[in-house]
Structure formats: C-alpha cells, structure tokens
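Going by mature numbering (1 follows the signal peptide of the UniProt record, and there is no 0), the letters in the sequence shown line up with residues -19 to -1, 1 to 422, in that order.
Cβ atoms here follow ideal geometry from the backbone N, Cα and C, with glycine treated the same way.
Since this is a predicted model, take the numbers as computed values, not measurements.
Before any comments, here is the structure.
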Amino acid sequence: MANVAVIALMSILSPLVSSMFTPGIAQIADDLHCSTTAVIGTTTGFVVMLGVGPLILAPLSETFGRRKIYLMCFSIFALLQIPAALAPNIAFLITVRSIAGFFGSVGIANGGGTISDMFTPSERAGVFGWYLLGPLLGPTLGPLFGGIIVQRLGWRWVFWIMTIVCFVNTLAGYFFLRETYAPLILSSKKVEFESQSSEWDGTKYSYEGEDTRPLKVRLAEALKRPPKIFSQPIVAVMAVYQALIFGTTYSIYTNMQPIYQDGYGFDTEKVGLLYLGPGFGFLFAVWFLVPRIDTVYKRLTANNHEKARPEFRLPLANIGAVFIPLSLFWFAWTVEKHAHWFASISATFFYGIGQVMILNTTQNYFIDSFEKYAASAIAAGTVFRSVVGGVIPIFAPALFENLGYGWGISTFAFVTLLLAPAPILFYVFGERLRERYPVDL
C-alpha cells in the first residue's frame, strides 16, 4: 500500500498547486501589474498541460516502467515551484506553471495504470476511489490552504511551501515506490536469469507477451496509443462528460472569491473554508458509495455466469448523472437570489458526490476495457478533460457578467443534463459499441 500512498500524494499535490493560489488572484494581479483574467491564465496553462502530459508520460511508463517516470517527473515538478515563487511578471509565471503542469501530471497519468497492475478487477474500484480523491480534493483543498497562506504570508509563500512538500513526496518515492508494470519486471528478471545462465550454458529466456521489437518502434507505437483509444466512441463521449465536469468545477472555483467576497463580505480565509463543501461530498462518496461499485460489479458478474463486462462498472454512475445537474441548478439560483451562504454551499456537497461517482466509474470502465494499457486509456480521457477544464474558466467571468450567476451556472447544468443518459446508454449498448469499433493496440 506504500505505492498507492506515494502515488495518491503525487496525484493530490499537482491539482492542489493548480488552485492553491486562487484566493490570492487579486493580490497577484496587483503585485505583477496585470489583470485578474491574466492570473486565471496561469491556471489555464497549468491545467491544460496537466492533460497534455499524460499523452506522453503514460505511454512512456508502458515502455520504461512506472517508477522511473514517476521519480524523474516529480523531481522536476518540485524544482519548478522555486521559479514560480520568484516570478517577476505574469508571462514568466504562466510559462513556469505550464511546464510544471506537464511534469506534475505524472501521478494522474500513471496512477490508474499502477492500480491496474496491483489489484484484481473485483477489488480495484475501492482502492481507486481513494486514489481518485487526489485529483478531486486537490483543487478543493488548494484554495482552503491557499487562503490561509495568502492572507498571512503572501502569495509567493504558496509556492515556497509547495516546494518543500513536493520534495518530501519525491524523497518518499525514492525510498518506498516499487515497480509494478509486469512486462518491465519480467524483462528485468529475464536479464537477471540470462546473466546467471551465461556462466553455465548460455540459456535464453522469454516470457508470455514479450515485445521483442526495437525500442524505437515500441516507443513510436506507445505514443500513438492514447489517440487511438480516444477514437473509441465510448471513451470520447465519457471524456466529454468528464471535461464538462472539470470545466464547471474550475469555473466555479475561480469565481468563489468574487461571489462570496463581493456578495457576502467574506474575507480570504473564510472563502477558502467554503471549499470544504464539495470536499465533504468527495469523502462521503468515497467512504459510503464507491465500495458499492465493486459490490454491484461482483453481483452483475455472478448473474452473468461469472463473465465480467466493463459495463458492470457503470450503474452507480447514474447517481452522479442526477446529482450534478441538480446541484448546479441549486447553486446557481441560491447565489443569484442571494440566499444564505449555507444554502448555496450545501449544493456543492451533492456536486462533490456526483463528481466522484462519474469520475470513479468512468476511470474504472476505461481500465477494465483496456487493462494492459490502462495508463494510456486514462490519458486519452484526461487530455480532453484537462484542456477543456483549463480553457473554460477564462470565459466564465464574462459569461457570469453577461448572464448573471443564475443563468450563467445554469448553462453548465443544462449541458450536464444532456449528457446525463450516457451511463445508461453505454451500460446497454457499450459492449456492442466496443465490438463494432475495436481499437488496434
């Protein structure tokens, strides 16, 4: 479980960095003499690269192994927090944070693949639920801690503190992280046995599924894998669903400060505490609902003559399909009508539950459908999710200014309502779609 702990921490720290400075957006804009929209652009650069990174890092982990990629990338990510803390202008900050997003994506890129390596399908969802808390809790806890740091120490200390935390996590990786990718482990064993046998009779060894092609060919094929997987209709549609959720989340998170400071008179620290609303929703879902994903999966497998199907992961996604649009409408109009702050934050609790249920079931569905290449399958969905999730918040302030928070946030709710039937449709037709549009890997 040390592997899961180290990787989960990596997957929580990079999204944490993506949103940790949001309570200090106004302070950064004043300090670097730029607009608040430009400061939001630093989040866009980071989140977009958080999605682009897995396109390269996931296939690399399926060629060179998980451990090397984790340690190399997270070491660079930790180092990049230093120039971010010293940024002299907004262009420099956007550039450094974008590069940091690429290397920081390693936990998100390869975490699902590592869990797929370590656990059988029947026990995977529960473990994956705790791991997935990282990408969800990171953007939620970031403003909470950031609000305290920005108000008491200033925005630059956000990056100094993250430098220390990321280096500690990298150090833990060097000591406790073990290789889990079976082909690399078998390849290492093969080299070890052959070096021993060379002293005796020169016996050559091989293992099932061994890829004997030259490294250049294997690497080229590995890098083509995520786009191939994304062309599968199921992956494409569910990636759009995830992208919409992430875009909505970052649009709301980057506007919490104007909503609650201007409308309710909250200071920076109090605004940070409001992010506990979705955070408690995440924890509730992981504690009480996510374990039921495995329960439903086992029951449906038993009823299907012990023949498992990836679609058996999807039934509980319908909880999220209902909660997400419902909670968005609730949040939109309680904010618009200036109801008590607790009324609007209560909606984010149910939004948090919905996020976990959609993302967890979808990621497990991808893993089960493309088991050996789970990291590439997740990368295929992650890139679109992160690009959209990073770009939409730039336009959100103008949307809210023109339509108000009621209709502005309701726009997101209406689109999630259109996508709500996706889990049911793929549960019924998913197997036929996978057979009709096979992915040649």
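Which whole-angstrom value describes the C-beta separation of residue i and residue j, a residue pair presumed to lie in contact below a C-beta threshold of 8 angstroms?
i, j, result
"residue 334", "residue 297", "Actually they are not in contact, since the Cβ atoms of residue 334 and residue 297 sit about 11 angstroms apart, beyond 8 angstroms."
"residue 263", "residue 117", "5 angstroms"
"residue 6", "residue 238", "6 angstroms"
"residue 249", "residue 135", "With a Cβ gap of about 12 angstroms, residue 249 and residue 135 do not count as contacting."
"residue 317", "residue 387", "3 angstroms"
"residue 1", "residue 84", "Going by Cβ atoms, the distance from residue 1 to residue 84 rounds to 17 angstroms, so no, they are not a contact pair."
"residue 115", "residue 341", "Actually they are not in contact, since the Cβ atoms of residue 115 and residue 341 sit about 12 angstroms apart, beyond 8 angstroms."
"residue 104", "residue 203", "Contact flag wrong, Cβ pair sits at about 27 angstroms."
"residue 88", "residue -6", "6 angstroms"
"residue 358", "residue 350", "7 angstroms"
"residue 228", "residue 370", "5 angstroms"
"residue 66", "residue 144", "7 angstroms"
"residue 36", "residue 207", "5 angstroms"
"residue 478", "residue 389", "Residue 478 is absent from the model: the chain starts at -19 and stops at 422."
"residue 18", "residue 378", "7 angstroms"
Thinking C-alpha only, which one of the options is nearest residue i?
i, options, result
"residue 236", "359, -6 and 375", "375"
"residue 322", "382, 254 and 305", "254"
"residue 51", "129, 142, 156 and 108", "156"
"residue 4", "240, 197 and 202", "240"
"residue 9", "113, 348 and 24", "24"
"residue 407", "358, 272, 219 and 383", "219"
"residue 272", "380, 419 and 337", "337"
"residue 231", "141, 201 and 329", "329"
"residue 165", "371, 302, 41 and 299", "41"
"residue 401", "311, 142 and 221", "221"
"residue 61", "159, 140, 287 and 86", "140"
"residue 324", "286, 171, 258 and 367", "258"
"residue 68", "420, 137, 162 and 160", "137"
"residue 31", "-9, 226 and 243", "-9"
"residue 147", "-17, 251, 59 and 12", "59"
"residue 210", "158, 419 and 80", "419"
"residue -14", "385, 76, 373 and 92", "92"
"residue 107", "372, 313, 320 and 279", "279"
"residue 242", "319, 16, 265 and 198", "319"
"residue 339", "282, 270, 377 and 200", "270"
"residue 224", "384, 397 and -4", "397"
How far does the alpha helix (DSSP H) with residue i in it extend, from its first residue to its last?
i, result
"residue 292", "From DSSP, residue 292 is part of no alpha helix (DSSP H); its letter is neither H nor E."
"residue 340", "322 to 350"
"residue 217", "214 to 234"
"residue 30", "17 to 45"
"residue 279", "271 to 284"
"residue 261", "257 to 265"
"residue 268", "Taken as a continuous stretch (DSSP letters only), residue 268 belongs to no alpha helix (DSSP H), as it is neither H nor E."
"residue 411", "403 to 417"
"residue 306", "298 to 317"
"residue 492", "In the structure as shown, the chain starts at -19 and stops at 422, and residue 492 therefore has no counterpart that could be examined."
"residue 240", "From DSSP, residue 240 is part of no alpha helix (DSSP H); its letter is neither H nor E."
"residue -3", "-18 to -1"
Against chain D, with Cβ distances strictly below 9 angstroms, would residue i count as a contact?
i, result
"residue 257", "No chain D appears in the structure shown, which is made up of a single protein chain."
The region 113 to 123 in contact with the region 33 to 47 per 3-pair CB rule at 8 angstroms: no
Contained alpha helix (DSSP H) runs [length at least 4] in the region 50 to 98, N- to C-terminal order: 71 to 85
Meets three-Cβ-pair contact criterion under 8 angstroms: the region 391 to 403 and the region 303 to 320: yes
The region 282 to 302 contacting the region 354 to 374, beta-carbon criterion three pairs below 8 angstroms: no
The region 52 to 59 touching the region 143 to 152, judged by at least three CB pairs closer than 8 angstroms: The region 52 to 59 vs the region 143 to 152: in contact.
Contact the region 19 to 35 vs the region 343 to 351: 3+ CB pairs below 8 angstroms: no
Any beta strand (DSSP E) of 3 or more consecutive residues that is wholly inside the region 90 to 168: Runs found: none.
contact_flag[the region 399 to 419, the region 205 to 219] where n(CB pairs < 8 angstroms) is 3 or more: yes
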